[in-house]
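These protein sequence lines are chains A and B, in that order.
In terms of the numbering used here, the first sequence opens at residue 1 and continues consecutively.
In terms of the numbering used here, the second sequence opens at residue 1001 and continues consecutively.
Every residue, glycine too, gets a C-beta built ideally from N, C-alpha and C.
Because the structure is a prediction, the values reported are computed rather than measured.
Have a look at the structure below, then the notes.
There are 2 protein chains.
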Amino acid sequence: MAQLEPSPAKPVATLDEVARVAGVSRATVSRVVNGSTKVSADVRRTVEKAIDRLGYVPNRAARSLVTRKSDSIAVVITEPASRLFNDPFFPRLVRGISAALSVRDLQLVLLMPNDEVDEQRTVRYLTAGHVDGVILVSLHGNDPLPDQLAKRRIPAVVLGRPPRGVDIDYVDADNRDGGRRATAHLVERGRRRIATITGPRDMVAGVDRLAGYRDALADAGIPVDDGLIATGDFTQAGGEAAMERLLADCPDLDAVFCASDLMAVAALGVLQAAGRRVPDEVAVVGYDDSPIATTTRPELTSVRQPIEEMGREMVHLLAGGIEQNGRVPRHIVLATELIARASSAGRAMP
Amino acid sequence: MAQLEPSPAKPVATLDEVARVAGVSRATVSRVVNGSTKVSADVRRTVEKAIDRLGYVPNRAARSLVTRKSDSIAVVITEPASRLFNDPFFPRLVRGISAALSVRDLQLVLLMPNDEVDEQRTVRYLTAGHVDGVILVSLHGNDPLPDQLAKRRIPAVVLGRPPRGVDIDYVDADNRDGGRRATAHLVERGRRRIATITGPRDMVAGVDRLAGYRDALADAGIPVDDGLIATGDFTQAGGEAAMERLLADCPDLDAVFCASDLMAVAALGVLQAAGRRVPDEVAVVGYDDSPIATTTRPELTSVRQPIEEMGREMVHLLAGGIEQNGRVPRHIVLATELIARASSAGRAMP
DNA sequence: CCGGAACGTGAGAGCGCTCTCACGAGTGGC
DNA sequence: GCCACTCGTGAGAGCGCTCTCACGTTCCGG
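Here you go:
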């Protein structure tokens, strides 16, 4: 007798109802909703009033069914927890992406596969054409995803220059120039025995930043001393080990450029524990300009990437790829900025 | 003549095609796809082979149209950038949510409204019934969203106990108990003049953590000295100001419980700048156990919240709310954990 | 004054799926 | 040997929308 089942949600009106109320055909309402110009002004007004009155909102599923577009794009983040959780890179990036999508009235479907099973689910989901495009964050070197997407002709954009000759749209920060700026800054500050703690040698970002380091030294006419180059892995632990090695092998170093802030923090700790004053004896520069850069004493000079902008650019690129599917891949490389703080303050100011 | 337009994407098979290949009706294929038991074993096998051969994947839009469910839920993050970007809380939370949704084969639609316009778009999107449920992260006190969702009968779960008597499902960490644990830990370590830097007084989490502080002092029979309570705002700047005030007013303090790690880092800096040795003279405890807790010297004792688990629990709760819409609201409060590090090491060990 | 272009509108098909209902073939009890 | 079932399967309607095409007006040039 009583109504026991959960009361039905979603009391939204349909096109048909709007049409009836406005006294026009479904087609006309559809035209109004989709902003067609071929509707007379007063009919448009009548329809709009009806839409307002009924609180009509188009049913995305129905629209999607006929247009064969979902008006949503997927953001795939396949990043090990360590990176994901240790700096606010991803929130920023996603925020940039989200803002740009919102303007275009596209939905953001977030995928964060955790394991093999998840990953397969993700591939199936993407290749099934449930989204109009895909943004790939943190692609692994041998990730088959780009190829699979290309085969299905699903537009995709990746973050960061892909390692192999993967032919795909990408957005990257200018890591090489960033490394160059950081190192040049140290040179300007009068440093001559400049060490570096690199990222992993199999990651493009790490390799590029190191290349920038070499560039800057070459520009300054300072010969590269391989003893001053230590390989890290972007993490604190790796940075610590590398700094200890450097200090032992090259006790005369007067500056360190670290390819991540996390490693810079570690280096700072090791230097201070060894009794080296920063920046007086040794200057330190990090990379990423993450929030921890301002929590250290002294605060950390760092290279800032335009993260939000990278997100926005990925969306622009993707939108272009959706519109003209199959066009030649484009690449966008954004400039970085050096944020000078106390950790590299001059001993020999000009 | 030649095919000039971008080649059509999404060459996916339909139910009909599978049916034709398998020599059965659409209905039967649908039953197989949806795991109905009312299909004989060999027909099922035939159909499955056909599905495999054609690489068939159901069209979500079409399914959605008839079932009136989208199989996706929205996660709404309306957090000021400062919080969002200063600690990896959100990546962790979203990861927990994502993992739990993935198991249930639900899609995660992420919404991060930036401004007023965005916010309205978000409301429209959610109330239009485009998602089966909503997870609200970081609700403002006077946010109309929960009410609007309730009116439309759209299941929702919020993170954190809502301030007013909002009657809604929520998941929270036990902030009060966390504050109690942190303070009790300091008592155990022999501290007696224990100060605290609170969160904003209009945020539930801040108020609760302070209540826990009072609880612990009461348990230990230590009278509360209001001079030892300074109001912060979870940020570094706020923590700095509060610590300076405390140091000026109560130079005899021997410990500080800070309601966030960011404030604890700031307090540490102020204390060290003032020549107080940590932990020998003053012990410091933070809250959140964020990565910066291990970048300070000494490393920071902190209260850890089960962030991923909170995400998972939100999904469980939401799934329940979707299944039995309109049921009485449920609340889940998860325990915290104290992570002891050097910043609160004992001066007076038992 | 008429032919035809331009414009606004409506009718109707159909997107791919689920689900109800009907139906035929087995199965078993009396 | 018949009726009542159960069980597996198919036919067909319809979800809400877009889009093509056809139709009726209006307007203008010749």
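How is residue 1120/B classed by DSSP in three states: helix, strand or coil? helix
Stretch pair the region 151–160 of chain A + the region 317–329 of chain A: three plus CB contacts closer than 8 Å: yes
Could you check whether the region 1228–1242 of chain B touches the region 1177–1186 of chain B, counting it as contact only if at least three pairs of C-beta atoms, one from each stretch, sit closer than 8 Å? no
Consider the C-beta atom of residue 1131/B and the heavy atoms of the ligand GDP; say whether any pair is separated by less than 8 Å. For the structure depicted, the ligand GDP is absent and the ligand set is empty, with no information on it obtainable.
Nearest by alpha-carbon distance to residue 1351/B: which of 1340/B, 1041/B, 1251/B is it? What the structure shows of chain B is the stretch from 1001 to 1350, and residue 1351/B is not part of that stretch, so it cannot be assessed.
Cβ distance (whole Å) where residue 85/A is taken to contact residue 77/A below 8 Å: Actually they do not touch by this definition, with Cβ atoms about 12 Å apart.
Verify whether the separation of the beta carbon atoms of residue 1301/B and residue 1182/B is less than 9 Å. yes
Assuming residue 1334/B and residue 1173/B are in contact, meaning their beta carbons sit under 8 Å apart, how far apart are those beta carbons, in whole angstroms? 5 Å
Taking 9 Å as the CB-CB cut-off, is residue 1169/B touching chain A? no
Is it true that the CB of residue 332/A sits closer than 9 Å to the CB of residue 170/A? yes
For residue 1348/B, count neighbouring Cβ atoms within 10 angstroms of its own Cβ and tell me buried if that reaches 16, exposed if not. Note on residue 1348/B: pLDDT 46, under 50, position unreliable in the model; the coordinate value appears next. So residue 1348/B ends up on the exposed side.
Under 9 Å between C-beta atoms of residue 70/A and residue 1061/B: yes
In the DSSP assignment, what residue or residues form a beta bridge with residue 1156/B? 1134/B
For residue 1279/B, go through chain A and note every residue whose CB falls closer than 8 Å to its CB, in chain order. What residue 1279/B touches in chain A: nothing, since even the nearest Cβ is about 17 Å away.
Beta carbon proximity, residue 1287/B to chain A, threshold 9 Å: no
Per-residue contacts from residue 269/A into chain B (C-beta, under 9 Å): 1295, 1297
What did DSSP end up calling residue 1056/B once you bin it into helix, strand or coil? coil
Look at the Cβ atom of residue 276/A, then the Cβ atom of residue 285/A, and state whether they are nearer than 9 Å. no
Between which two residues does the alpha helix (DSSP H) carrying residue 234/A extend? That residue, residue 234/A, is in no alpha helix (DSSP H); it is neither H nor E in DSSP.
Residue-chain proximity (residue 1085/B, chain A), Cβ-Cβ < 9 Å: yes
Straight-line gap, residue 1329/B to residue 1215/B (C-alpha atoms, nearest Å): 28 Å
Given this structure, state the Cα-to-Cα distance separating residue 260/A from residue 234/A, to the nearest angstrom. 6 Å
Starting from residue 1172/B and walking both ways along the beta strand (DSSP E), at which residues does that stretch end? 1169–1173
Would you call residue 1005/B buried or exposed, if buried means 16 or more other Cβ atoms sit within 10 Å of its Cβ? At residue 1005/B the pLDDT is 37, less than 50, meaning the model places this residue with poor confidence; the figure from the coordinates comes in the next sentence. So residue 1005/B counts as exposed.
Assuming residue 72/A and residue 115/A make a contact with CB atoms under 8 Å, what is their CB distance in whole Å? Not really, about 24 Å apart at Cβ, beyond 8 Å.
At a CB distance below 7 Å, what residues from the region 1322–1337 of chain B approach chain A? Give them in sequence order. 1324, 1325, 1326
Quick check on residue 422/A - is its C-beta less than 9 Å from some C-beta in chain B? For residue 422/A there is no data in the structure shown, the boundaries of chain A being 1 and 350.
Please report how far the alpha carbon of residue 45/A lies from the alpha carbon of residue 144/A, in whole angstroms. 51 Å
Closer than 6 Å by C-beta to residue 1290/B: which residues in its own chain qualify, once you throw out the five before and the five after it? Chain order, please. 1087, 1261
Segments assigned alpha helix (DSSP H), at least 4 residues, entirely inside the region 259–325 of chain A: 261–273, 307–323
Could you name the residues of the same chain whose beta carbon sits closer than 6 Å to that of residue 1195/B, not counting the 5 residues immediately before and after it, in chain order? 1228, 1246, 1253, 1256
Contact list for residue 57/A against chain B, beta-carbon separation under 9 Å: 1124, 1125, 1127, 1128, 1129, 1130
Going along chain B, which residues have a C-beta under 9 Å from residue 114/A? 1095, 1098, 1099, 1102
Need the endpoints of the alpha helix (DSSP H) that residue 81/A sits in, please. 81–86
Whole-number beta carbon distance between residue 1265/B and residue 295/A, since they are thought to touch under 8 Å: 5 Å
With three or more C-beta pairs closer than 8 Å as the rule, is the region 1051–1067 of chain B touching the region 1013–1024 of chain B? yes
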